[in-house]
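Counting the sequence shown from 1 gives a position; the working numbering is that position plus 2. A short write-up of the structure that comes next.
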Amino acid sequence: MKMTHIVGARPQFIKYFPVSEAIKKFNRHNPEKCIQDVLVHTGQHYDYNMSKIFFDKFGIKEPGYHLGVGSGTHGEQTGKIIQQAEKVLLKERPDLIVVYGDTNSTLGGALAAAKPHIPIAHVEAGLRSFNKAMPEEINRILVDHMSTFLLCPSKTAVKNLTDEGFRNLFNDGKFFPLNYFTEGKDVKDINKDYGNSFVMNVGDVMYDVLLYAIDIAEKESVILEQLQLVSGNYYLLTLHRAENIDHVERLEEIIGFVNDLSKDKTVIFPIHPRTKKIYRDAKRRFTENVNKIEPMDYFDLLMLLKNSDLVMTDSGGLQKEAYWLEIPCITMRNETEWVETIKSSWNVLYKDYNGSHNPTDVNGTDYGDGKAAERIVSIRDKLWTEN
Ligand code: UD1
């Protein structure tokens with residue numbers, strides 16, 4: 003069975019990693035049913051610190067195909083991805099393509115697969131901000147409605163899909179145990195007729211990655227020493243969303259907010275290349291207490307987060323990592339897809355922030371059990387060997 007993964011932006015390299023490891027594990031245990039894993043990198047992110055560093059640090063194999071699409075307007079970028087990915091898919095003819103998250107690489111890859119009838123599995127299906135001004139929201143909705151397997155990270159994601167009319171809920175939309183198939187449960191309700199879609203609650207692959215990486219980060223990262231930071235004595239900031247940086251007034255408002263907080267403590271700001279370009283033209287400047295550094299690899303970023311006193315971010319991944327590590331987070335947006343983090347109050351939306359957090363416990367099961375990737379791969383085994 004051949005599985006093609008399409009990745010292209012920083013968070014997708016991270017999400018692909020546990021899935022690729024789960025495939026290797028599956029192949030070791032089931033050599034007769036080997037999954038062939040073909041990796042396609044669209045080239046949406048191309049700077050060393052946005053791309054190759056993740057391959058190096060996680061030990062991810064070299065992509066079989068590199069589409070080299072680079073930057074451009076949404077139309078240009080998505081269009082190039084469709085054109086180039088289609089060529090690869092027609093040549094490789096995989097049994098399944100896997101796309102991740104909500105970027106233009108996710109949308110372009112899914113569109114290239116949908117018309118030649120290659121089933122699509124969407125990792126991180128069902129997330130919604132209910133704000134169509136975000137390019138990511140448009141990408142999510144379209145990809146979900148093209149996909150055969152909607153792999154949800156949480157109950158909320160399943161509910162969002164049922165609200166949009168998806169009815170085919172695997173195991174009633176409940177999180178299913180890893181041994182679900184091997185215990186003789188049938189998959190009669192799944193058939194391979196093209197056009198069917200199945201909503202599956204697998205848990206969050208980002209939680210898999212965090213559990214894997216945190217010990218390694220603790221042992222190996224020297225980022226605190228490098229930046230001469232004392233644990234608990236600095237804030238962390240990341241910003242990259244179009245809604246925050248494409249409008250100079252919004253960016254300048256955030257700069258003012260961060261500057262105020264930076265009076266108490268240093269702010270460490272690994273700056274996204276997109277933000278760096280736009281910041282060059284902003285009239286309002288960050289104070290000297292905001293330390294702008296290059297984007298970090300995953301392990302260093304995790305260490306920076308774990309030892310920070312507070313994080314301000316518009317990244318989806320970082321909001322959850324803060325929640326799992328019990329670090330207070332201000333989400334620099336008016337809404338979030340990760341509503342569980344808000345319920346516990348570890349995460350507060352920027353518009354609601356009143357200067358303090360009163361967090362309650364983290365619900366350890368909100369985003370699964372750290373075996374989302376194995377669950378994803380176990381589904382593939384069942385479908386392609388018994389149908
Ligand atoms: C993209 C995703 C977003 C995801 C984010 C993670 C879309 C619509 N958005 O946003 O969902 O959360 O990635 O980072 O797909 N650039 C560089 N070097 C790079 C990458 C980008 O200089 O390695 C610059 C380019 O000028 C580019 C701009 O940053 O035009 C924006 O990059 P783009 O690929 O459009 O998406 P992101 O803003 O990173």
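From the three backbone atoms N, C-alpha and C, an ideal C-beta is built for every residue, glycine too. Quick caveat: nothing in here was measured; it's all calculated off a predicted structure.
> If you count every other CB in all the chains shown that lies within 10 Å of the CB of D188, and 16 or more means buried, which is it?
Replying inline: Its pLDDT being 48, under 50, D188 is placed unreliably by the model, and the measurement read from it follows with that caveat. Exposed, by the Cβ-count rule.
> Would L312 pass as a contact of Y237 if the rule is Cβ separation under 8 Å?
Replying inline: yes
> Assuming L171 and D146 make a contact with CB atoms under 8 Å, what is their CB distance in whole Å?
Replying inline: L171 to D146, Cβ: 14 Å. No contact.
> Thinking just about the alpha-carbon of each residue, which of E376, K89, N365 is nearest to the one in E342?
Replying inline: N365
> Should S358 be labelled buried (16 or more other beta-carbon atoms within 10 Å of its own) or exposed?
Replying inline: exposed
>> On the criterion of 16 or more Cβ atoms from any shown chain inside 10 Å, does E70 qualify as buried, or is it exposed?
In response: Note that residue 70 is Gly in the sequence shown, not Glu. Classification of G70: exposed, given that the 10 Å Cβ count is below 16.
>> Out of A284, F301, T268, K279, which one is the CA nearest neighbour of M314?
In response: T268
> Who are the near neighbours of G111 in its chain, counting only those whose CB is closer than 6 Å to its CB and skipping five residues on each side?
Replying inline: I8, A87, V101
>> Tell me whether the region 283-296 and the region 317-335 touch, counting them as touching only if at least three CB pairs, one residue from each stretch, are closer than 8 Å.
In response: no
> Could you give the residue range of the alpha helix (DSSP H) that holds T108?
Replying inline: 106-116
>> Buried or exposed, going by whether 16 or more other CB atoms sit within 10 Å of the CB of V224?
In response: exposed
>> Counting C-beta neighbours from all protein chains within 10 Å, is the total for N389 16 or more, i.e. buried, or is it exposed?
In response: With a pLDDT of 41 at N389, under the threshold of 50, the modelled position of this residue cannot be trusted, and the question is left open.
> If you follow the beta strand (DSSP E) that F271 is part of, which residue opens it and which one closes it?
Replying inline: 268-272
>> Run through the DSSP bridge pairs and tell me what H7 is partnered with.
In response: L41, V100
> Considering only C-alpha positions, which residue in the set L129, T80, L113, A115 is nearest to F103?
Replying inline: Per the sequence shown, residue 103 should be read as Gly rather than Phe. Among L129, T80, L113, A115, the Cα nearest to that of G103 is on L129.
> Under the three-state reduction of DSSP, which class applies to N173: helix, strand or coil?
Replying inline: helix
> Within 10 angstroms of its Cβ, does T289 collect 16 or more other Cβ (buried), or is it exposed?
Replying inline: exposed
>> Across the region 300-310 and the region 119-133, are there enough close Cβ pairs to call them in contact, namely three or more that are closer than 8 Å?
In response: no
>> For K190 and A116, what's the separation of their Cα atoms in angstroms?
In response: Confidence in K190 is poor, its pLDDT being 49 and thus under 50, which makes the residue's placement unreliable; the coordinate value appears in the next sentence. Looking at the two C-alpha atoms, the distance is approximately 24 Å.
> What are the residues that DSSP puts in a beta bridge with V379?
Replying inline: Bridge partners of V379: none, in fact.
>> Am I right that Q14 and S107 are in contact with their C-beta atoms under 8 Å? What's the rounded C-beta distance?
In response: 7 Å
> Helix, strand or coil: how does DSSP classify I120 here?
Replying inline: coil
> How should N309 be labelled, buried or exposed, when 16 other C-beta atoms within 10 angstroms of its C-beta is the threshold for buried?
Replying inline: buried
> Does ligand 1 have a heavy atom nearer than 7 Å to the CB of E227?
Replying inline: no
> Do E166 and ligand 1 come close, with the Cβ less than 7 Å from some heavy atom?
Replying inline: no
> Is G72 closer than 8 Å to Y1 when the C-beta atoms are compared?
Replying inline: Residue 1 lies beyond the residue range present for the chain, which begins at 3 and ends at 389; the question has no answer from this structure.
>> For ligand 2, I want to know if P65 counts as a neighbour, meaning its beta carbon is within less than 7 Å of at least one of the ligand's heavy atoms.
In response: For the structure depicted, ligand 2 is absent and the ligand set comprises only ligand 1.
> Where do the N-terminal and C-terminal ends of the beta strand (DSSP E) with Y237 fall, by residue?
Replying inline: 236-240
> Within this structure, are the beta carbons of G175 and N203 separated by less than 8 Å?
Replying inline: yes
> What are the partner residues of C154, as DSSP defines its beta bridges?
Replying inline: N203
> Rounded C-beta distance between I299 and I55? I'm assuming under 8 Å.
Replying inline: In the sequence as displayed, the identity of residue 299 is Asp instead of Ile. D299 to I55, Cβ: 5 Å. Contact.
> Between the C-alpha atoms of H76 and L180, what's the straight-line distance to the nearest angstrom?
Replying inline: 38 Å
> Sorted by chain position, which residues of the same chain lie with C-beta nearer than 8 Å to P137's C-beta, five sequence neighbours on each side aside?
Replying inline: H76, N106, A244
> If we count Cβ pairs, one from each stretch, closer than 8 Å, do we get three or more for the region 268-282 versus the region 242-257?
Replying inline: yes
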